Amino acid sequence: MQGKLLRSLTTKSTKIHAPICLYIQRFYARNVTPKPVKSVKLNDNVYKIRNIGISAHIDAGKTTTTERMLFYSGLINHMGEVHDGNTVTDYMEQERNRGITIRSAAVCINWQDHVINIIDTPGHIDFTMEVEQALNVMDGAVIVLDGSAGVEAQTITVWRQADKFSIPRLVYVNKMDRPDADLDMCVKSIRDRFKVIPLVLQLPVKNNKGSMVGLIDLITMEQIIWTGNQGCDVQARKLTPEDETIYEKALCARGVLSEQLADCSESIADVIINEGNNQLIPAAQMKEALRQAILDMNHVPVVCGSSYKNIGVQKLMDAIVDILPSPCDRPALAMYQHFEDSLCARAFKVVHDKHKGAVTFFRIYSGSFKKGQKLYNIHLDQSEQISRLLLAEADDYKEVSELQCGKTQKKTNRIKINS
1 MQGKLLRSLT TKSTKIHAPI CLYIQRFYAR NVTPKPVKSV KLNDNVYKIR
51 NIGISAHIDA GKTTTTERML FYSGLINHMG EVHDGNTVTD YMEQERNRGI
101 TIRSAAVCIN WQDHVINIID TPGHIDFTME VEQALNVMDG AVIVLDGSAG
151 VEAQTITVWR QADKFSIPRL VYVNKMDRPD ADLDMCVKSI RDRFKVIPLV
201 LQLPVKNNKG SMVGLIDLIT MEQIIWTGNQ GCDVQARKLT PEDETIYEKA
251 LCARGVLSEQ LADCSESIAD VIINEGNNQL IPAAQMKEAL RQAILDMNHV
301 PVVCGSSYKN IGVQKLMDAI VDILPSPCDR PALAMYQHFE DSLCARAFKV
351 VHDKHKGAVT FFRIYSGSFK KGQKLYNIHL DQSEQISRLL LAEADDYKEV
401 SELQCGKTQK KTNRIKINS
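With the numbering used here applied, the sequence shown corresponds to residues 1 to 419, in that order.
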């Protein structure tokens, strides 16, 4: 009944498409199990897009992490610091003076042949609505924890907001360079506070002085050490039985991870049952199982690093690409298949720029925007004409003539790996 109503409504004029869009989204979320998203016909590039938000309790290192991501992707040539007031996403004068994020900022980077659209959201409780607005258009989220504090008050708030919108997420345990940082404590706090199953993907590697210098990737069973040059020089090598204690610890942790994934992946379970050795599970198979596990909202991958010390951020970006869902993996996208090549977009934020006036932020779900194009505004019940199209990188805007769903741009990544 509902499906027949949906089809009849979405075959009518473009003017009817838009108001129905918002209604159907709410209806599907509450009452209907959507069709498999694989039936959506989209530009192939859409599968290589990650629309994510980065959220955290205040001072967990969220903006510092974002700044490193921009640097390693090649978007910026110099890393700013929060305490210096020169980061890209904290561009307001009050943000730079106070060292906190007040307004969410959008940036776009390229990594491993994928496009990552990032929204850096505020961590202070007074700006919770900024997070709520951004979550409306996210497909995934990165929750940043302070490695010495674990889950904090505002972490709980943003987690509940992500639950409200059914946003798959992964946790990045930051500040692991601190002497009092404790990954096990953070994992326990995630399990106890959120009643989810943490999937630990990495273990920290520390030197004789107790400072973090790298990490162990449990999926690839590699030890990765950051040697300097602003975190651009990385040494990676496979762990072997000759590594003794480190190897045994990593093997044990991989076994726990494999058993957790076996609960939601038959292919992983088959390997464990038939072979009895978690080392025989290919990395690609584990990544695919992680992508499936994260969609059930009961499993949360956990990675670690120290953004300020330039350790682990590239592996976080790898995890975003490998694990977090693309738009095609999200059930909410199912309704947009009815628009096919027609434009369907959602305005999620309006800001006032002192030079450009009112600037509206959109997420494009299908079709394309063109300069001078007329759109139907469902809230005002009238048509509007687009005067200018801008690509936003925080407070920097680049004017373009057209914006398409799934269109990508290439930039140079900044990283050197020695195996």
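Each residue gets a CB set at the ideal place from its N, CA and C atoms; glycine is no exception. Values in this document were obtained by computation on a predicted structure and should not be read as measured data.
DSSP, reduced to helix, strand and coil, places residue 397 within a strand of the structure shown. In this structure, residue 203 places its C-beta atom within 8 Å of the C-beta atom of residue 216. For residue 252, the enclosing alpha helix (DSSP H) covers residues 245 to 262. The continuous stretches of beta strand (DSSP E) do not include residue 356, and DSSP gives it neither H nor E. DSSP places residue 402 inside the beta strand (DSSP E), whose first and last residues are 402 to 404. If the five residues before and after residue 360 are omitted, its C-beta is found closer than 6 Å to the C-beta atoms of 347 and 350, all from its own chain and listed in chain order. In the three-state reduction of the DSSP assignment, residue 384 falls in the strand class, which pools E and B. Remark: C-beta atoms of residue 371 and residue 388 approach each other more closely than 8 Å. The way I'd put it, the segment 248 to 266 does touch the segment 275 to 290; three or more beta-carbon pairs between them come closer than 8 Å. Inter-segment contact for the segment 139 to 153 and the segment 186 to 195 is present: three or more beta-carbon pairs are separated by less than 8 Å. Beta-bridge partners of residue 222 (DSSP): 217 and 238. Restricting attention to 146, 89, 54 and 207, the CA atom closest to the CA of residue 189 is found in 146. Annotated as distal: residue 205 and residue 302, with beta-carbon spacing of 8 Å or more. Residue 384 and residue 282 have their C-alpha atoms spaced approximately 52 Å apart. With respect to the 8 Å criterion, residue 317 and residue 69 are classified as neighbours on the basis of their beta carbons. Scanning 224, 74, 300 and 306 for the CA closest to the CA of residue 320 turns up 300. According to the DSSP assignment, residue 160 belongs to the alpha helix (DSSP H) that extends over 153 to 164. Taking 8 Å as the cut-off, the beta carbon of residue 326 is found no closer than this to the beta carbon of residue 72. By the beta-carbon neighbour count (other beta carbons within 10 angstroms, threshold 16), residue 89 is buried. For residue 363 and residue 135, the gap between their C-alpha atoms comes out near 12 Å. Note that the C-beta distance between residue 289 and residue 268 is below 8 Å. Excluding sequence positions up to five before and after residue 286, its CB lies within less than 8 Å of the CB of 219, 257, 258, 261 and 268, all in the same chain and listed in chain order. Straight through space, the alpha carbons of residue 366 and residue 341 are spaced by roughly 6 Å. Between residue 56 and residue 173, the gap from beta carbon to beta carbon reaches 8 Å or more. Note on geometry: alpha-carbon atoms of residue 58 and residue 171 lie some 15 Å from one another.
Annotated as distal: residue 344 and residue 183, with beta-carbon spacing of 8 Å or more.
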